[in-house]
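Visitor:
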Amino acid sequence: MSDLPQAHGGVGPPPPALEPTRVYAYAPDQDEAHLRDYWRVLVRHRWTVVTVFVATVLTATIWTFTTKPIYTGTATLRIERESPKVLKFEEVVQSDPEDDYYQTQYRILQSRTIANRVIGMLALDQHPEFQNTEPRSLLAGTMAWARETLVRFLPMPPPPPPEGAEDLVQESPLTRAFLERLTVRPVRNARLVEVSFESEHPELAARVANTIADAFIAQNLDLKVEATRSASQFLARQLDEARVKLEDAEAQLTAFLQQNEILFLGAEGRGGERQDLVTQQLAVLSDALMKARATRIEKEGAFAQARGNVEALPAVLSNPVVGTLKDQLVKLEGEYRRLGEVFKPDYPRMRRIERNIAEVRRQLAVETGKIVDSLEADYRAALRTEQEIQRAVDAQRALVLQLGTQMAQYRLLRREVDTAQGLYTSLLTRLKETSVAASLLVSNISIVDRAEVPLRPSRPRKALNLLLACAVGLFGGVGLAFFREYLDTTIKDAREVESTLRLPTLAVVPALETVERQRARRRALANGETGPFALVAHNDAGSILTEAFRNFRTSLLYSSPDHPPRTILFTSLQPADGKTSLATNLAIVLGQLGAGDVLLVDGDMRKPRLHEVLDVPQTPGLSTFLTGQASLEEVVKPTRIPNLFVIPSGQVPLNPAELLSSSRARSVLDDLGRRFAHVVLDAPPLFGVADAMVLAPKVEGVILVLRHGRSSRDAAQRAVANLAGVRARLLGVILNDVDVKGAGYYYQYYGAYGYGGYGYGGYAAAGPTASRSGQGD
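Counting the sequence shown from 1 gives a position; the working numbering is that position plus 955.
1. Tell me which residues share the same chain as alanine 1638 and place their Cβ nearer than 7 Å to its Cβ, disregarding the 5 neighbours each side in the sequence.
2. With a cut-off of 8 Å on the beta carbons, I'd call leucine 928 and leucine 1661 a contact; round off their distance for me.
3. Taking only the alpha-carbon atoms, compute the straight-line gap between histidine 1518 and leucine 997 and give it to the nearest angstrom.
4. Going by DSSP, what residue range makes up the beta strand (DSSP E) through tyrosine 1302?
5. Taking the alpha carbon of serine 1746 as the point to measure from, which residue in Glu1588, Leu1581 and Leu1555 has its own alpha carbon closest?
6. Given glutamate 1407, which residues of its chain have a CB within under 8 Å of its CB, disregarding the five upstream and five downstream residues?
7. Classify lysine 1653: buried if its beta carbon has 16 or more other beta carbons within 10 angstroms, exposed otherwise.
8. With distances taken from CA atoms, which of Val1568, Leu1410, Leu1456 and His1493 is nearest proline 926?
9. Please list the terminal residues of the continuous beta strand (DSSP E) segment that includes glycine 1656.
10. Does the Cβ of alanine 1168 have 16 or more other Cβ atoms within 10 Å, making it buried, or fewer, making it exposed?
11. Span of the alpha helix (DSSP H) holding proline 1275?
12. Given that a residue counts as buried once 16 or more other Cβ atoms are within 10 Å of its Cβ, and exposed if not, what is aspartate 1282?
13. Where serine 1390 and aspartate 1203 are concerned, what is the direct C-alpha to C-alpha distance, given to the nearest angstrom?
14. At 3 residues or longer, what runs of the beta strand (DSSP E) sit wholly inside the segment 1351 to 1434?
15. Could you compute how far the alpha carbon of threonine 1444 sits from the alpha carbon of threonine 1460?
16. Counting along the chain, where does the alpha helix (DSSP H) carrying alanine 1647 start and finish?
17. Give me the Cβ distance between aspartate 1692 and histidine 1663, rounded to the nearest whole Å; I'm assuming they're in contact under 8 Å.
18. Helix, strand or coil for valine 1681, going by three-state DSSP, please let me know.
19. Please report how far the alpha carbon of threonine 1059 lies from the alpha carbon of asparagine 1071, in whole angstroms.
20. Are valine 1348 and leucine 1208 close, meaning C-beta to C-beta below 7 Å?
21. On the criterion of 16 or more Cβ atoms from any shown chain inside 10 Å, does asparagine 1540 qualify as buried, or is it exposed?
22. Alpha carbon to alpha carbon, what distance is there between alanine 1503 and threonine 1509?
23. Out of Leu1159, Val1590 and Arg1317, which one is the CA nearest neighbour of glutamine 1081?
24. How close, in whole Å, do the beta carbons of arginine 1033 and serine 1401 come, if the pair is a contact with beta carbons under 8 Å?
25. Touch check for the segment 1374 to 1386 and the segment 1172 to 1185: three-plus C-beta pairs under 8 Å?
26. Tell me which residues share the same chain as alanine 1222 and place their Cβ nearer than 8 Å to its Cβ, disregarding the 5 neighbours each side in the sequence.
27. Which ranges does the beta strand (DSSP E) cover as unbroken runs of at least 3 residues, wholly within the segment 1525 to 1574, from first to last along the chain?
28. If you count every other CB in all the chains shown that lies within 10 Å of the CB of glutamate 1588, and 16 or more means buried, which is it?
29. Evaluate asparagine 1598 with the Cβ neighbour count: other Cβ atoms within 10 Å of its Cβ, from every protein chain shown; 16 or more gives buried, anything less gives exposed.
30. If distances are taken between C-alpha atoms only, which option among Pro1608, His989 and Val1568 comes closest to proline 1575?
31. Determine the direct distance from the alpha carbon of alanine 1418 to that of serine 1066, and round the result to whole angstroms.
32. So, helix, strand or coil for arginine 1140, using DSSP?
33. So, does the segment 1129 to 1138 touch the segment 994 to 1012, judging by three or more C-beta pairs under 8 Å?
34. Using the three-state DSSP reduction, which class does lysine 1592 fall into: helix, strand or coil?
35. Taking the straight line between their C-alpha atoms, what separation do you get for glutamate 1322 and valine 1276?
36. Could you pull out every residue in the same chain whose Cβ sits closer than 8 Å to the Cβ of proline 1572, ignoring the five residues on either side in sequence?
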């Protein structure tokens, strides 16, 4: 291997690996959203906002200027809870509570009955505006109007409607069309209600609104007449029944007095005094029972505590004998422990103290037993006392019931007579009042303002519609933009990389479409004038693209200023994220630094591409060397780019992961790290194959390539966790194919080939790519 180029500075072991220094443009734990973050979301989804806004405004404009004008006639009614007080007594029809009453009236104004009544009065089925309704709706409305007229003017109930007439009213298309145009709007903080009707004809709108008001007042009067007539009939029937009940109650009371020989109230007074004495005695016994029960519960609780924990009983704690015995026991046990430190247990004095301790414990048990027996005796005595008092209470209660039966029956009969008498008197009085009220027709509803013919249409309101359309379109577009942003879980900018992954962003590679000043360059690159994007750092050394990769090189080398990484591995989440092109350009600009030769290794032995990009033979290569079929000098090949060597992948093996896990792979990386200034490895993606996970711990630094709008946050977090699990040194992230304008990055350059830079928070960024496909290589 002596023919291989040596690293600048001589051959020697690589410096010890250090953790990369992570320099953030902002605090990585700062999750607070700022106004500029919302602005970036709107810029990123600007076409969504514009599309929704234009579609909403255009739709509203077309609808506004093609809709027929609608006129509204409005009549104002005053609704009082009660009719004028002409009579002092109450009327038959009573008002509901204030809230319920007014809500009821509003619903009546919008009822089918009122609607059919107005339809029949105005013959709306003949009007051109209602010509599309079914003919049977007119029949239903006419029948309803005729039925209401009969109820109003005839003393007899109207004939029942034909079978199915109610169904015609309910299902009438004309009625539904009428109610759809009707609006009832209460006036706030007033007893007024506005009744409005909409129509294409202004005269019809005013006429219908006034007719509704008249029909509503007429129906209210009809309701009072019908209610008064029905109440009179009902009261007459109830009065006859009450008279019969009163006669029966008086007969039963008389028979009871004769049977029990109760001739005057003095007997009831004496019986009442005796019953009071018995009741008083029952009250005394009840109080005694409650006290006995409380005493028994107290004794029972003390006895239950004695059976559980005797030592905690108040009687035990306050007993002087027990206290003296406990003190003796404590002293003897203390002396026993003190002597036990010197003498054995069979020592005579020790045995004597032990016998004393046993005797004191026996006496203590005897004393506590006496206390427990005393508590049990108290409990048994309290229980017997309670039971005896309970028996006395039961006997006294039976006596009270026996003595009160006769007087209770008399009082029951007396109350029945009084109730029947009061009911008969009330019904008779109410019947006379109802008869008087039937002849008085006064309504609590009046018309304040009749509807006038409107001069201007009420809708559509063109200016308001357009204003609302602009507001709805704007807020709808903004809402949809933020909803799409919420559903989008991909990584879109460097700030999101650093806040989500807690890693520095070493480079941001803009998408070609976002760099408007480079369109001419894109056409030139597409025609093959400057080569593929993977070699742009060599073919166009003075461009802003190359300058951007030099900035990337600076960020990489200063990630560990004392010991820059010499072996660097490029990997990504999935294929077509652009890792091969970025690795090639980095190797080129590292060679341009002049610190020594740079080696580019194609570690993707499953889908190799470096031999095509650098125009070198694919074999022999890395797989050939790892299987021992070629030497290192045979696989390291120079390129047409100065200071750049390459190891192609070689023939595609069946077991790439096993070859990369071999000790030969580890030793060759160490050897190459000593011989070259930098070794850049292009590894396969992390997900799907294990090759990158095998190579990551063997290099001094790993760079993760994420593609804008494609790499999800969850996948990136899993990738970082997987690399951390194999103890790989992750230097940072390259965000590729970024929509610079949509993401809100700062971008500017001077001239076609002058200095240029892309940045976000001070980070270097690579320039636009040759093509979308080249950027994803």
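We put the beta carbon where it would ideally sit given N, CA and C, even for glycine. These numbers were taken from a predicted model, which means no experiment stands behind them.
Guide: In terms of the structure at hand:
1. Mapped onto the sequence shown, residue 1638 falls at position 683. Result list for alanine 1638: Leu1524, Phe1525, Thr1526, Gly1558, Asp1559, Asp1646, Ala1647 and Leu1650, in chain order.
2. Only positions 956 to 1732 of the chain appear in the structure, and residue 928 is not among them; the question remains open.
3. By one-based count along the sequence shown, residue 1518 stands at place 563. By one-based count along the sequence shown, residue 997 stands at place 42. Approximately 43 Å, taken between the alpha carbons.
4. In the sequence shown, residue 1302 corresponds to position 347, counting from 1. Taken as a continuous stretch (DSSP letters only), tyrosine 1302 belongs to no beta strand (DSSP E), as it is neither H nor E.
5. Since the first and last residues shown for the chain are 956 and 1732, residue 1746 lies out of range.
6. For the purposes of this step, residue 1407 is identified with residue 452 of the sequence shown, where counting begins at 1. Cβ within range, chain order: Gly1028 and Ala1161.
7. By 1-based counting over the sequence shown, the position of residue 1653 is 698. Buried, since its Cβ has 16 or more Cβ neighbours within 10 Å.
8. Here the chain has residues from 956 to 1732 only, and residue 926 is not among them.
9. Within the sequence shown, the letter at position 701 stands for residue 1656. Start and end: 1656 to 1662.
10. Start at 1 with the first residue of the sequence shown, and residue 1168 comes out as number 213. With 16 or more other Cβ atoms within 10 Å, it is buried.
11. Within the sequence shown, the letter at position 320 stands for residue 1275. It spans 1275 to 1295 - the alpha helix (DSSP H) in which proline 1275 sits, taken as one unbroken run.
12. Sequence index remark: in the sequence shown, residue 1282 carries index 327 (1-based). Per the 10 Å Cβ criterion, exposed.
13. For the purposes of this step, residue 1390 is taken as the residue at position 435 of the sequence shown. For the purposes of this step, residue 1203 is taken as the residue at position 248 of the sequence shown. Taking the straight line joining both Cα atoms gives about 28 Å.
14. 1400 to 1404
15. Indexing the sequence shown from 1 puts residue 1444 at position 489. Indexing the sequence shown from 1 puts residue 1460 at position 505. Threonine 1444 and threonine 1460: Cα-Cα distance of roughly 18 Å.
16. Numbered from 1 along the sequence shown, position 692 holds the residue referred to as residue 1647. Note, alanine 1647: alpha helix (DSSP H), 1646 to 1650.
17. Position 737 of the sequence shown, counting from 1, holds the residue named residue 1692. Position 708 of the sequence shown, counting from 1, holds the residue named residue 1663. So it is a contact: roughly 5 Å between Cβ atoms.
18. Indexing the sequence shown from 1 puts residue 1681 at position 726. In this structure, valine 1681 counts as coil in the three-state DSSP scheme.
19. Here residue 1059 refers to the residue found at position 104 of the sequence shown. Here residue 1071 refers to the residue found at position 116 of the sequence shown. So the alpha carbons of these two residues sit roughly 19 Å apart.
20. Indexing the sequence shown from 1 puts residue 1348 at position 393. Indexing the sequence shown from 1 puts residue 1208 at position 253. No, Cβ-Cβ distance for valine 1348 and leucine 1208 is not below 7 Å.
21. Locating residue 1540 in the sequence shown gives position 585, where the first residue counts as 1. It is buried - the Cβ of asparagine 1540 has at least 16 other Cβ atoms within 10 Å.
22. Here residue 1509 is taken as the residue at index 554 of the sequence shown, counted from 1. Here residue 1503 is taken as the residue at index 548 of the sequence shown, counted from 1. Roughly 10 Å separates the two Cα atoms.
23. Translated into positions along the sequence shown, residue 1081 becomes position 126. When each option's Cα is compared against that of glutamine 1081, the closest is Leu1159.
24. Here the question's residue 1033 lines up with position 78 in the sequence shown. Here the question's residue 1401 lines up with position 446 in the sequence shown. With 8 Å as the limit, arginine 1033 and serine 1401 qualify as a contact, their Cβ atoms being about 5 Å apart.
25. no
26. Stepping through the sequence shown from its first residue, residue 1222 is reached at position 267. Residue confidence for alanine 1222 is low, a pLDDT of 42 falling below 50, so the modelled location carries little weight and cannot support an answer.
27. 1553 to 1557
28. Counted from its first residue, the sequence shown places residue 1588 at position 633. Looking at its Cβ environment, which holds fewer than 16 other Cβ atoms inside 10 Å, glutamate 1588 is exposed.
29. Walking along the sequence shown from the start, residue 1598 turns up at place 643. Classification for asparagine 1598: buried.
30. Sequence index remark: in the sequence shown, residue 1575 carries index 620 (1-based). Among Pro1608, His989 and Val1568, the Cα nearest to that of proline 1575 is on Pro1608.
31. The sequence position of residue 1066 within the sequence shown is 111, counting from 1. The sequence position of residue 1418 within the sequence shown is 463, counting from 1. For serine 1066 and alanine 1418, the distance between alpha carbons rounds to 34 Å.
32. Taking the first residue of the sequence shown as position 1, residue 1140 is located at position 185. Looking at arginine 1140 - three-state DSSP - the assignment turns out to be strand.
33. no
34. Residue mapping note: residue 1592 aligns to position 637 of the sequence shown, counting from 1. Lysine 1592 falls in the strand class under three-state DSSP.
35. Your numbering for residue 1322 matches position 367 in the sequence shown. Your numbering for residue 1276 matches position 321 in the sequence shown. Rounded to whole angstroms, glutamate 1322 to valine 1276 spans 8 Å at the Cα level.
36. Counted from its first residue, the sequence shown places residue 1572 at position 617. Excluding sequence neighbours, proline 1572 sits near His1566, Lys1592 and Pro1603.
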